[in-house]
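J.: Residue numbers (my numbering): 107 to 328.
Just so it is clear, CB atoms sit at the ideal spot from N, CA and C, and this is done for glycine as well.
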Amino acid sequence: MEFLGILKDAWPFLALLVGVKLAVSLIHALFRVAKGAIGERMVTRALEKNLDYRAVVLNDVTLRTGDNGTTQIDHIVVAPHGIYVIETKRYRGKIFGKPREAEWVQKIGTRKYRFLNPFFQNFRHTQTINEIMPSIDKSCINSIVIMTGCRWGQGKPPERLFHSGEQAACYINEKAKWSKAKINVAEVVEAINAHREKPGLATWLKHVWHVRRKKTETSHAS
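#1: Residue ranges of each alpha helix (DSSP H) run of no fewer than 4 residues wholly in the stretch 254-302, ordered along the chain?
#2: For H181, collect the residues of the same chain with a Cβ closer than 6 Å to its Cβ; drop the 5 residues on either side in sequence, then sort them by chain order.
#3: Put I242 into one of helix, strand or coil per three-state DSSP.
#4: Suppose you measure from the CA of Y277 to the CA of I252; what does that come to, to the nearest Å?
#5: Got a sec, what are the start and stop residues for the beta strand (DSSP E) H181 sits in?
#6: What's the gap between the Cα of K281 and the Cα of L267?
#7: Which one or two residues does DSSP pair with Q212 in a beta bridge?
#8: Where DSSP assigns a beta bridge to L169, which residues make up the other side?
#9: Anyone know if the C-beta pair for A185 and A275 falls short of 8 Å?
#10: Considering Cα atoms alone, identify which of M239, V162, Q212, I179 is closest to R230.
#11: Using a 10 Å radius around the Cβ and a threshold of 16 neighbouring Cβ atoms, would you call N290 buried or exposed?
#12: Going by beta carbon distance, what residues of the same chain come within less than 7 Å of K213, once the five residues before and after it are set aside?
#13: For the beta strand (DSSP E) that E193 lies in, which residues bound it at each end?
#14: Can you give me the C-alpha to C-alpha distance between H313 and K262, rounded to a whole angstrom?
#15: On the three-state DSSP scale, how would you describe L330?
#16: Report, in whole angstroms, the separation of the C-beta atoms of E207 and L222, which I expect to be a contact under 8 Å.
#17: Beta-carbon within less than 7 Å of E237's beta-carbon, same chain only, minus the 5 sequence neighbours each way: which residues are those?
#18: If contacts are defined as beta-carbon pairs under 8 Å, then V211 and R220 qualify, I think. What distance do you get, rounded to the angstrom?
#19: Going by DSSP, which residues form a beta bridge with M248?
#20: Return the CA-CA distance between S270 and V183, expressed in angstroms with no decimal places.
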């Protein structure tokens, strides 16, 4: 009974503590989203300004996946010569890593932070595009990473990694000169939009919940 009494007295404080923790987590998540949105907006403007007029740029695309979840893609460029799935990151400092390494390192002064290789993250995105349109050859679906606000720390950066939307647009335009792929732009855009979740807060929260659930399942499995 004493324990129940203590719990009853402490309940308002515990509820407040949980509420504050959730609020702080939400603020941190929103801050990360806002930070990423700055880089994505810059990339969007650069792509729309510099790409060939026949290319269509789709931004902030959340697609339904086969496991009843979702995957969020920053940009998809649909051009007559290929589909370009773009993951955009905004980092400071220097970036170190190798194409096949699962984790890369961000170095700011003497501090180091590890993060998932964005090409690994984007692989799932390209898979989803291929699942939506299995008739399109995988070689026509290209993975691109754009990292703004930072520079590559050592050696030559991985292929198809760029530091601005202008660089990525230049690469896509150049590839049109020698690529033999033929894409029906209107059909691809229609197929993507048919599998696309409506942009907005509800879709974002649903995607965040799915990602956290997958992380929890993975940690429990290991």
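T.: Per the coordinate set shown:
#1: 271-281, 291-300
#2: N165, I192
#3: coil
#4: 12 Å
#5: 176-185
#6: 15 Å
#7: I201, Y219
#8: T177, R302
#9: no
#10: I179
#11: exposed
#12: G199, K200, F202, G259
#13: 188-196
#14: Low local confidence applies: a pLDDT of 46 at H313 is under 50, so the model's placement there is unreliable, with the coordinate-based value given in what follows. So the alpha carbons of these two residues sit roughly 34 Å apart.
#15: The structure shown has nothing for residue 330, since the chain only spans 107 to 328.
#16: That pair is no contact at about 10 Å.
#17: G172
#18: 6 Å
#19: A quick correction: the sequence has Asn, not Met, at residue 248. According to DSSP, which records beta bridges pairwise, N248 is partnered with Y190.
#20: 15 Å
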